[in-house]
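Chemist: In our numbering, the protein residues as written are 2 to 488.
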Ligand SMILES: [Zn+2]
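#1: Roughly how many whole angstroms lie between the Cα atoms of residue 55 and residue 147?
#2: Residue 469 and residue 453 - do their beta-carbons sit closer together than 7 Å?
#3: To which residues does DSSP link residue 341 through a beta bridge?
#4: Got a sec: does ligand 1 put a non-hydrogen atom nearer than 6 Å to the Cβ of residue 44?
#5: Can the beta-carbon of residue 395 be found closer than 7 Å to that of residue 127?
#6: Let's see if you can read the secondary structure: which residues bound the beta strand (DSSP E) around residue 437?
#7: Who are the near neighbours of residue 477 in its chain, counting only those whose CB is closer than 7 Å to its CB and skipping five residues on each side?
#8: When the Cα atoms are used, what is the spatial distance from residue 265 to residue 216?
#9: Decide if residue 485 is buried, meaning its Cβ has at least 16 other Cβ atoms within 10 Å, or exposed.
#10: Give the DSSP-derived three-state secondary structure of residue 489 in the structure shown.
#11: Can you give the Cα-Cα distance for residue 474 and residue 234, rounded to whole angstroms?
#12: Identify whether residue 193 lies in helix, strand or coil by the three-state DSSP scheme.
#13: CA-CA distance, residue 134 and residue 45?
#14: Alpha carbon to alpha carbon, how far is residue 498 from residue 49?
#15: Cutting at 6 Å between CB atoms, please list the residues of its own chain near residue 471, excluding the five before and the five after it.
#16: Give the straight-line distance between the Cα atoms of residue 400 and residue 417, rounded to the nearest whole angstrom.
#17: What is the DSSP secondary structure of residue 426, counted as helix, strand or coil?
#18: Any heavy atom of ligand 1 within a distance shorter than 6 Å of the CB on residue 349?
#19: Drop a sphere of 10 angstroms on the beta-carbon of residue 116, count the other beta-carbons inside from all chains shown, and report buried for 16 or more, exposed for fewer.
#20: So, are the CB atoms of residue 43 and residue 379 less than 7 Å apart?
#21: For residue 455, which residues does DSSP report across the bridge?
#22: Is the stretch 185-200 close to the stretch 247-266, with three or more CB pairs under 8 Å?
#23: Nearest-angstrom Cα distance between residue 37 and residue 413?
As structure tokens, this is what we get:
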């Protein structure tokens, strides 16, 4: 073989490939990310993530612990403490996250766990709707608002879902709780004065021309154990937009391909897909977290703090990872890319109920969905094409270590893989604590320009820089990547 002869064309080819790569990378930098994926573990503060890492034997070894990831804290506070619009745009300064107040270990009384810091964090927390609005629009609002301003106006056209669609992207939301619940509603671009109007929200989502994939729970024909509701028994149609809407969907009207069974979700993880897919898993409230409770929510909440008996997983519902793979396969046909939000919605529910085993189960389901997304990215264009952001919308349960009722913020304790870590709940509700933010891919480095503060105590206990951004900054970064050079 004559090496000399083939050298010149080879060198020329190399130069051309290099030039093409430069042009491509410049183009990409100017035009932002092809795909933007936001994953929200609802109600999962740092200690929820850490406890799950410990249980899985993976502290510091999860996919998001690799050095390429941006790791920060994130604040989640809302505009005010109102549950309805108050008419102004004034930020209530008392609820803006303040590390000095957050870590105040001063006892307020002789009661166990009555520390000033805990009290501050518990009384200044956001709900999922206001937090979803901040993530979706970059604007703070009152608790309960779904992309609805404190001036009592719908934020039409201002959500990341709507903006992504105007840029030609496909749009999807996936959740392990009803798909019209606060987080998928907010990040799916619905607009409502109150998150409680699930039927209105569901109908808006179904009519929205920007949504291509919706997946979650909330199926009126099944109970919390995935068992069909017998004929003649009352069904709850609220989460799917009412009885008429559900009947229309079941009969194939409304422009959506309705899928329900686990097999249907699994079948969608590969191969060709219909244009608009509505997945409503065969279970009432959530995929697995409420199994064992039947249809009686009252019985469930009556035993707060008590672990439910070891009930086998419901066999006919998909995991969040399966739903995620199906959604990715539906959305990835668009050459202009997509925006997708995936929520681990029942981590919050387990934390409200103070059930550590169910919390770890739900967070594990979420982490497996993260692993599925990472695998998809790495086999579909890699980290130059897709921005992935992981966060929580707020903390829930104020989880700390076994001594945390007597020593404020006593750390949680690793008891080895497969063993429940030493954790104690200090609340049955949300808190204003910092939550984790991990990001990788185009735009992820922009968070460094948006730092709002530094929390030294958070840095020490949760092993990161302590630097934090605000949840509205997540919108800023996502929008920057969706809109690209035109921003
Ligand atoms: Zn909650």
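Every residue gets a Cβ at the ideal spot worked out from N, C-alpha and C, and that includes glycine.
Modeler: Taking the structure as given:
#1: Taking the straight line from one Cα to the other gives about 35 Å.
#2: yes
#3: 38, 173
#4: yes
#5: yes
#6: 436-441
#7: 139, 451
#8: 12 Å
#9: buried
#10: Absent from the structure is residue 489, since the part of the chain shown begins at 2 and ends at 488.
#11: 46 Å
#12: Here residue 193 sits in strand by DSSP.
#13: 18 Å
#14: Within the shown structure, residues of the chain are numbered from 2 to 488, placing residue 498 beyond reach of any answer.
#15: 76, 453
#16: One C-alpha to the other measures close to 18 Å.
#17: Three-state DSSP puts residue 426 in a strand.
#18: yes
#19: That one is buried.
#20: no
#21: 468
#22: Because the criterion of three Cβ pairs below 8 Å is not met, the stretch 185-200 and the stretch 247-266 do not touch.
#23: 33 Å
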